[in-house]
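In our numbering, the protein residues as written are 1380 to 1705.
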């Protein structure tokens, strides 16, 4: 569902107030957070989606990594998981078995216990998980703490939506996209631990609303504007080539752009293809992290012990638009 439609629905719901509810729906954050005690908060999230790759084991891996990412984005530690399965009648259960095996491999890697789930019949395969995690109430990282002067760091390249669309359109073979699949199945655990260690100002994971959409949520939640240095954003090989083909543009890419453009200013030197990829919906994308400029170099070095992190921009004082693409 696009941001515009979702916001129209959510704005009609009453705001939930509770002294121990640390993060609700008001700031469009990655997960809900509730304080259980002075030193423990529970982090709760859910995510599921249709199959984006043909191999069921790989799909399970990606779906699990994607769901776990919401807890990592809050600086928490995931502990429990429940499966969400939508499965067509008549399809062999061997497919479902492989999906669940792929997912379980990632849960095991993350030290997460699978404790149940729910399944229904559907016209197509959909799979995901609800995840419960924990963190210290004073160390939760939200998307609303970015401050002017903070550097913006991204921990994975973008372009997964365009690449998977190109595969579905027959323009690219899955064997040619292994780097993309490897990125989507990679956990954001190391990046999460690093940002907690360095005291990051804000964080969100980059998923369905694209880099610009999730940067927008951070900007609005933090009361700031953000400048994205477009040439610094790393894009998966082939994404810029395929985004030029309308058949390879995910529908959500276009709805993201349409919804966000009134609050985005694009520099004249930014190629249209690069701008489009910045709106590309990601699956199991990286963490977008705001950190004090004086910590940025050391932070990136620490991240690069395990992930290929890079700067993408800077946080500035609130201006006439929320996002500048330069």
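We put the beta carbon where it would ideally sit given N, CA and C, even for glycine.
Nearest-angstrom Cα separation, counted from residue 1453 out to residue 1412: Going from the Cα of residue 1412 to the Cα of residue 1453 covers about 9 angstroms.
Residue 1693 - DSSP class collapsed to helix/strand/coil: DSSP places residue 1693 in strand when its eight states are reduced to three.
For residue 1630, the first and last residue of its enclosing alpha helix (DSSP H): Residue 1630: member of the alpha helix (DSSP H) spanning 1630-1639, first to last residue.
Heavy atom of the ligand COA within 7 angstroms of residue 1444 beta-carbon: Only the bare structure without any ligand can be found here, which leaves the ligand COA out of the picture.
Spatially closest choice to residue 1518 from 1495, 1611, 1419, by CA coordinates: For residue 1518, the nearest C-alpha among the options comes from 1419.
Range covered by the alpha helix (DSSP H) that runs through residue 1739: This structure cannot speak to residue 1739, because the chain is shown only from 1380 to 1705.
Residue 1481 - containing alpha helix (DSSP H), residue span: If you look at residue 1481, you'll find it in the alpha helix (DSSP H) that goes 1472-1489.
First through last residue of the alpha helix (DSSP H) which encompasses residue 1561: Run containing residue 1561: 1557-1564, per the alpha helix (DSSP H) assignment.
Coil, strand or helix - residue 1407 by DSSP: In the three-state reduction of the DSSP assignment, residue 1407 falls in the coil class.
Which residues DSSP lists as bridging residue 1462, in chain order: In the DSSP assignment, residue 1462 is bridged to 1496, 1508.
8 angstroms Cβ cutoff met for residue 1578 and residue 1513: Taking 8 angstroms as the Cβ cut-off, residue 1578 and residue 1513 do not qualify as a contacting pair.
Spatial neighbours of residue 1624 in its chain, beta-carbon cut-off 8 angstroms, leaving aside the 5 residues before and after: By the criterion of a C-beta distance shorter than 8 angstroms, residue 1624 is surrounded in its chain by 1545, 1548, 1550, once the five residues flanking it on both sides are discounted.
From 1494, 1543, 1596, 1552, residue whose alpha carbon lies closest to that of residue 1628: Nearest C-alpha to residue 1628 among 1494, 1543, 1596, 1552: 1543.
Delimiting residues of the beta strand (DSSP E) encompassing residue 1670: The continuous beta strand (DSSP E) containing residue 1670 extends over residues 1666-1670.
Complete beta strand (DSSP E) runs within the stretch 1543-1611 (minimum length 3 residues, chain order): Listed in chain order, the complete beta strand (DSSP E) runs (minimum 3 residues) inside the stretch 1543-1611 are 1581-1584, 1603-1607.
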